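Undergrad: Take this structure first; my questions come after.
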Amino acid sequence: MLKNAGFVIGIVILLFASLILWQSLSLDYYSELGPGPGLLPLWLSAVLMVLSLLFMMKSLKKSIILFPEILPRGRGLGNILTIIAAVLFFIIAAPFAGFTIAGILTLSFILIRDYKWVMALGVSATVTVSLFYVFKFLLNVPLPVNALGF
1 MLKNAGFVIG
11 IVILLFASLI
21 LWQSLSLDYY
31 SELGPGPGLL
41 PLWLSAVLMV
51 LSLLFMMKSL
61 KKSIILFPEI
71 LPRGRGLGNI
81 LTIIAAVLFF
91 IIAAPFAGFT
101 IAGILTLSFI
111 LIRDYKWVMA
121 LGVSATVTVS
131 LFYVFKFLLN
141 VPLPVNALGF
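The numbering of the sequence shown is the UniProt record's numbering, which starts it at 1 and goes up by one.
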């Protein structure tokens with residue numbers, strides 16, 4: 001059963017919907033003006049739970065999809081592992097190095113697989129500095145900075 005990808009994904013979605021349902025119970029179902037903030041997440045999570053149960057039953061009866069059939073191999077697997085490693089690096093590095101340095105290194109790490117290092121570094125710096133400017137100065141969103149302020 002655990003080799004059946006559809007069933008495992010159904011379990012993950014069911015657990016996620018259960019968590020949302022549990023969290024929505026702490027919100028008010030009704031307010032003075034009508035439906036409260038707990039109404040929509042409660043009903044959506046309940047519907048998602050039912051749909052995930054139906055999906056799990058269908059995956060056991062009709063369409064059995066095995067993990068080896070859907071997981072990528074070769075370069076595709078390398079791309080996925082690169083993205084996961086880059087995201088983990090950014091999560092760890094951003095509070096210490098700041099958004100700009102961590103962003104440039106993260107994007108360079110991703111782009112270096114397909115582009116020359118000069119192009120990867122240039123694109124990474126341009127994108128990261130542009131995003132830093134937009135979020136920091138235009139939208140006033142606080143971003144992690146290093147000791148130098150960027």
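Even for Gly, the Cβ is constructed at its ideal location relative to N, Cα and C.
Source: prediction; values computed, not measured.
Just to confirm, does Leu107 get its C-beta within under 8 Å of one of the non-hydrogen atoms of the ligand HEM?
TA: This structure simply doesn't include the ligand HEM, nor any ligand for that matter.
Undergrad: DSSP three-state label for Pro72, please.
TA: Under the three-state reduction of DSSP output, Pro72 falls in the coil class, being neither helix nor strand.
Undergrad: Distance check for Val118 and Phe16, CA to CA, integer angstroms please.
TA: C-alpha separation (whole angstroms): 42 Å.
Undergrad: Please list, in chain order, all residues of the same chain as Tyr29 whose beta carbon is under 8 Å from its beta carbon, the five residues on each side excluded.
TA: Apart from sequence neighbours up to five positions away, the residues of its chain that approach Tyr29 with a beta-carbon distance below 8 Å are Pro35, Gly36, Gly38, Leu39, Leu42, ordered along the chain.
Undergrad: Can you tell me which of the three DSSP states Ser63 falls into?
TA: If DSSP states are grouped into helix, strand and coil, Ser63 belongs with coil.
Undergrad: Run through DSSP, which three-state label would Pro41 get?
TA: helix
Undergrad: Tell me whether Ser26 sits in a helix, a strand or coil according to DSSP, three-state version.
TA: coil
Undergrad: I believe Ser45 touches Ile20 by the beta-carbon criterion, under 8 Å. Please report the beta-carbon distance rounded to the nearest angstrom.
TA: 4 Å
Undergrad: What whole-angstrom Cβ distance do Thr100 and Phe150 have, given they're in contact under 8 Å?
TA: 5 Å
Undergrad: For Pro142, which of helix, strand or coil comes out of DSSP?
TA: coil
Undergrad: Give the DSSP-derived three-state secondary structure of Gly34 in the structure shown.
TA: strand
Undergrad: Please report the residue range of the alpha helix (DSSP H) in which Leu2 lies.
TA: Leu2 -> no alpha helix (DSSP H), and no H or E assigned at all.
Undergrad: In chain order, what residues of the same chain have a beta carbon less than 6 Å from the beta carbon of Phe109, not counting five sequence neighbours either side?
TA: Ala86
Undergrad: Helix, strand or coil for Gly149 per DSSP?
TA: coil
Undergrad: Just reading off the alpha helix (DSSP H) that Phe132 is part of, what are its end residues?
TA: 117-133
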